[in-house]
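*Asks:*
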Amino acid sequence: MAVACAQLVAQQDGKRQEVFRNPVIYADVPDMSVTRVGSDYYMVSTTMHLMPGAPVMHSKDLVHWETIGYVFDKLTDHSRYDLIDGTVYGKGQWASSIRYHNGRFYVWFSPNDDPRKGFIYTATDPAGKWELVSRPPHFHDGSLFFDDDGRVYMFYGTGELRELKSDLSDVKPDGVNMKIFERDADEQGLLEGSQVVKHDGKYYLLMISMDWSIPGRLRREVCYRADHITGPYEKKVILENDFDGYGGVGQGAIIDSEEGDWYGLIFQDRGAIGRVPTLMPCRWIDGWPMLGDENGHVPLTMQKMTYPSENVKGILGSDEFDNEKLSLYWQWNHNPIDDRWTLTERPGFLRLKTSRLVDNLYLAPNTITQRMEGPKCEATISMDVSKMKDGDVAGFSAFNGHSGLLSVIKEGKKKRLVMSTNVVNFSEGPGKKIEGIDVEEKAEVALNKEVVYLRIVADFTSHKDTASFYYSLDNANWKKLGTDVKMRFDYTRLFMGSKFAIYNYATKSLGGSVDIDFFHFTKSNSQD
Numbered sequence: 116m117a118v119a120c121a122q123l124v125a126q127q128d129g130k131r132q133e134v135f136r137n138p139v140i141y142a143d144v145p146d147m148s149v150t151r152v153g154s155d156y157y158m159v160s161t162t163m164h165l166m167p168g169a170p171v172m173h174s175k176d177l178v179h180w181e182t183i184g185y186v187f188d189k190l191t192d193h194s195r196y197d198l199i200d201g202t203v204y205g206k207g208q209w210a211s212s213i214r215y216h217n218g219r220f221y222v223w224f225s226p227n228d229d230p231r232k233g234f235i236y237t238a239t240d241p242a243g244k245w246e247l248v249s250r251p252p253h254f255h256d257g258s259l260f261f262d263d264d265g266r267v268y269m270f271y272g273t274g275e276l277r278e279l280k281s282d283l284s285d286v287k288p289d290g291v292n293m294k295i296f297e298r299d300a301d302e303q304g305l306l307e308g309s310q311v312v313k314h315d316g317k318y319y320l321l322m323i324s325m326d327w328s329i330p331g332r333l334r335r336e337v338c339y340r341a342d343h344i345t346g347p348y349e350k351k352v353i354l355e356n357d358f359d360g361y362g363g364v365g366q367g368a369i370i371d372s373e374e375g376d377w378y379g380l381i382f383q384d385r386g387a388i389g390r391v392p393t394l395m396p397c398r399w400i401d402g403w404p405m406l407g408d409e410n411g412h413v414p415l416t417m418q419k420m421t422y423p424s425e426n427v428k429g430i431l432g433s434d435e436f437d438n439e440k441l442s443l444y445w446q447w448n449h450n451p452i453d454d455r456w457t458l459t460e461r462p463g464f465l466r467l468k469t470s471r472l473v474d475n476l477y478l479a480p481n482t483i484t485q486r487m488e489g490p491k492c493e494a495t496i497s498m499d500v501s502k503m504k505d506g507d508v509a510g511f512s513a514f515n516g517h518s519g520l521l522s523v524i525k526e527g528k529k530k531r532l533v534m535s536t537n538v539v540n541f542s543e544g545p546g547k548k549i550e551g552i553d554v555e556e557k558a559e560v561a562l563n564k565e566v567v568y569l570r571i572v573a574d575f576t577s578h579k580d581t582a583s584f585y586y587s588l589d590n591a592n593w594k595k596l597g598t599d600v601k602m603r604f605d606y607t608r609l610f611m612g613s614k615f616a617i618y619n620y621a622t623k624s625l626g627g628s629v630d631i632d633f634f635h636f637t638k639s640n641s642q643d
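Just add 115 to wherever you are in the sequence shown, counting from 1, and you've got the numbering used here.
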């Protein structure tokens, strides 16, 4: 279960004082947007090419989070979402915006890809079915905003403001359409990730700022403030802190509690684990939402009143595959082929059937993934390989643009277990087509059993970012296979944190399958 590392201090009125350690979620949850309804917080995040997409997470205290649903099951604008005629790695659902207005939830996002159109979805129950409202134009990192007078706006790009129709069906033809500020001399680099709140009658636009051309410049969070939505806006740096040896912290949201306290949820790029949320106080000083502790620092540890977390399922974890519906922990790599996987043909198992002839993991349909978690974690799967066919490849991966794989390869009547590394290379230009995979086989053993147990151990402490690979024939005696792999976050490839991935694909003929009995996940909070 993915929850913050917390220590019980005291308990009062159903809540308790806890000490948690940042990052509050030590997993890949970037581009957070948060809204509150009463004492309930709801958050959406970017998962790009993974399906279902736009995960909706719920919390009672901003510390313990649980995935309660997804905004959409698939994206179907073109065949690349199905890994046909290209891919959408690093594209798909980008930075989103979640809002609650007049009894309904709304989520906005826009893929950074053709046809350059966004999505607005709505729901009365954020854990239930979301309905598509409209497909407005593309707005980069857009922040949906409902003003007090009933007008609706989108803040986006670098200081762009566009008014929408009140029914959200499209942009308002005669509405506001303007640039609300110009960059100053100190903002010549990255300036994006809009998130907007209105507080005490003023408008606050939060953005990430980074200029790599300035020596020593940290990633930071800036705020633009105005009395009127159209400006004029003034700017202030509200967070600039080198946190925990991983550089600056920027991009996210601020949110108030039912009691009137304010907090910031701002992510940090943290190597191969991805972009991780940090939680901190937000203090209103001279009308500015200043982030961090009294020194403007992201707190390494922080006390906060929380609700007991024993019943919070988290955003990742173990799975026995004993339900008829797939756990919300899982996302498919690109759109799944739904008639080629099943939880019911062999109850208690996830069956992955081959569905298309491909020659590498990055084109394999129905690869199923979930996040890794820091500082250390490991996962073990049990895989029945008795129904594999000649040419089939099935296994377990530390999956990213640079991947480590434990693959059972069926060749004729024989099987071998191979530990390898894969690095994907994409063509330039539209479509993000795969032009090659750099494959290195590090070690192999003959496999004569129908069931094999595979384990990946991940270590994200002190910038290690390593994955180690093990196998067993009885789930008791384990042997390491191959070499440790250096995991990487590479925005030019998959643009996300490292994932556990289970896969099965055919290289010669269809008809084979594998059965996954369980996925067992454990986490260590050790920093050593």
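Backbone N, C-alpha and C fix where the C-beta goes; we use that ideal spot for every residue, glycine too.
Quick check: the Cα distance between Asp401 and Lys313, rounded to an integer number of angstroms?
*Replies:* Answer to the nearest angstrom: the Cα atoms are 15 Å apart.
*Asks:* Could you tell me the alpha carbon to alpha carbon distance between Arg461 and Gly546, rounded to whole angstroms?
*Replies:* For Arg461 and Gly546, the distance between alpha carbons rounds to 37 Å.
*Asks:* Tell me the residue span of the beta strand (DSSP E) that contains Glu460.
*Replies:* First-last for Glu460: undefined, no H or E at that position.
*Asks:* For Met325 and Lys351, what's the separation of their Cα atoms in angstroms?
*Replies:* C-alpha separation (whole angstroms): 14 Å.
*Asks:* I need the DSSP call for Arg298, collapsed to helix, strand or coil.
*Replies:* In the structure shown, Arg298 sits in coil (DSSP, three-state: anything other than H, G, I, E or B).
*Asks:* Quick one: grab the DSSP three-state call for Val118.
*Replies:* Per-residue confidence for Val118 stands at a pLDDT of 43, beneath the threshold of 50, marking its modelled position as unreliable; the derived number appears in the next sentence. In the structure shown, Val118 sits in coil (DSSP, three-state: anything other than H, G, I, E or B).
*Asks:* Mark Gly316 as exposed unless 16 or more other C-beta atoms lie within 10 angstroms of its C-beta, in which case mark it buried.
*Replies:* Exposed is the call here.
*Asks:* Near Val124, what residues of its chain come up, given a Cβ to Cβ distance below 8 Å and the 5 sequence neighbours on each side ignored?
*Replies:* Low local confidence applies: a pLDDT of 46 at Val124 is under 50, so the model's placement there is unreliable, with the coordinate-based value given in what follows. Cβ neighbours of Val124 beyond the five flanking positions: Arg131, Gln132, Glu133, Val134 and Gln418.
*Asks:* Could you name the residues of the same chain whose beta carbon sits closer than 6 Å to that of Val308, not counting the 5 residues immediately before and after it, in chain order?
*Replies:* One detail in the question is off: residue 308 reads as Gly in this sequence, not Val. Excluding sequence neighbours, Gly308 sits near Asp256, Met322, Ile323 and Gln366.
*Asks:* Beta carbon of Asp505, beta carbon of Glu526: below 8 Å?
*Replies:* Going by C-beta atoms, Asp505 is nearer than 8 Å to Glu526.
*Asks:* Ordered along the chain, which non-local residues of its own chain (more than five positions away) have a Cβ less than 7 Å from that of Glu275?
*Replies:* Answer for Glu275: Lys294, listed in chain order.
*Asks:* Quick check on DSSP: helix, strand or coil for Ser613?
*Replies:* Of the three classes helix, strand and coil, the one that applies to Ser613 here is coil, per DSSP.
*Asks:* Going along the chain, which residues of its own chain have a beta-carbon closer than 6 Å to the beta-carbon of Gln303, five neighbours each way excluded?
*Replies:* The residues are Asp326.
*Asks:* I'd like the span of the beta strand (DSSP E) that includes Ile483, first residue to last.
*Replies:* Counting along the chain, the beta strand (DSSP E) containing Ile483 begins and ends at Ile483 to Arg486.
*Asks:* Go ahead and label Arg340 buried or exposed: buried means 16 or more other beta carbons lie within 10 angstroms of its beta carbon, across all protein chains shown.
*Replies:* So Arg340 counts as buried.
*Asks:* Roughly how many angstroms lie between the CA atoms of Lys595 and Tyr585, to the nearest whole one?
*Replies:* When rounded, the distance between both Cα atoms is 4 Å.
*Asks:* Along the chain, where does the beta strand (DSSP E) containing Pro170 start, and where does it finish?
*Replies:* Run containing Pro170: Gly168 to Ser174, per the beta strand (DSSP E) assignment.
*Asks:* Pull up the distance between the alpha-carbon of Val572 and that of Ala494, whole angstroms please.
*Replies:* Spanning the two alpha carbons is a distance of roughly 7 Å.
*Asks:* Which term fits His179, buried or exposed, when burial requires 16 or more other beta carbons within 10 angstroms of its beta carbon?
*Replies:* Buried: at least 16 other Cβ atoms inside 10 Å.
*Asks:* From which residue to which residue does the beta strand (DSSP E) around Ile524 run?
*Replies:* From DSSP, the beta strand (DSSP E) with Ile524 extends over His517 to Glu526.
*Asks:* Secondary structure at Ser577, three-state DSSP: helix, strand or coil?
*Replies:* Ser577 falls in the helix class under three-state DSSP.
*Asks:* What's the gap between the Cα of Met116 and the Cα of Asp200?
*Replies:* Here the model assigns Met116 a pLDDT of 45, short of 50, so the residue's position is not dependable, and the following value carries that caveat. So the two alpha carbons sit approximately 37 Å from each other.
*Asks:* Using a Cβ distance threshold of 8 Å, determine whether the stretch 443–457 contacts the stretch 164–176, with at least three qualifying pairs required.
*Replies:* Segments in contact, yes.
*Asks:* Indicate whether the contact test is met: 3 or more Cβ pairs, each with one atom in the stretch 415–432 and one in the stretch 617–624, closer than 8 Å.
*Replies:* Touching, no, given that fewer than three Cβ pairs across the two stretches are closer than 8 Å.
*Asks:* If you compare alpha carbons, which of Ala479, Pro170 and Leu306 is closest to Lys468?
*Replies:* Taking only the C-alpha atoms, the option nearest Lys468 is Ala479.
*Asks:* Using CA atoms only, rank isn't needed, just tell me which of Pro490, Leu177 and Ile183 is closest to Ala169.
*Replies:* It is Ile183 whose Cα lies nearest to the Cα of Ala169.
*Asks:* Quick one: what does DSSP say Ala341 is sitting in, helix, strand or coil?
*Replies:* Looking at Ala341 - three-state DSSP - the assignment turns out to be strand.
*Asks:* In or out: Gly375 buried (at least 16 other Cβ within 10 Å) or exposed?
*Replies:* That one is exposed.
*Asks:* Hey, which unbroken runs of the alpha helix (DSSP H) at 4 residues or more fall wholly within the stretch 242–276?
*Replies:* Segments of the alpha helix (DSSP H) lying fully in the stretch 242–276: there are none.
*Asks:* Rounded to a whole number of angstroms, what is the C-alpha to C-alpha distance between Met534 and Asp605?
*Replies:* Whole-angstrom Cα-Cα distance: 22 Å.
*Asks:* Have a look at the DSSP bridge pairing and note the partners of Tyr618.
*Replies:* For Tyr618, which the question treats as bridged, DSSP gives the partners Gly510.
*Asks:* Return yes when the Cβ of Gln383 is within less than 8 Å of the Cβ of Pro138, no when it is not.
*Replies:* Closer than 8 Å, so yes.
*Asks:* Out of Gly551, Lys557 and Ile552, point me to the one whose CA is closest to Leu85's CA.
*Replies:* Not covered by the structure: residue 85. The range shown for the chain is 116 to 643.
*Asks:* Taking the alpha carbon of Tyr444 as the point to measure from, which residue in Asn540, Arg486 and Thr421 has its own alpha carbon closest?
*Replies:* Answer by Cα proximity: Arg486.
*Asks:* Out of Leu177, Val508 and Phe260, which one is the CA nearest neighbour of Ile370?
*Replies:* Considering only alpha carbons, the answer is Leu177.
*Asks:* In three-state DSSP terms, what is Ile199?
*Replies:* Ile199 falls in the coil class under three-state DSSP.
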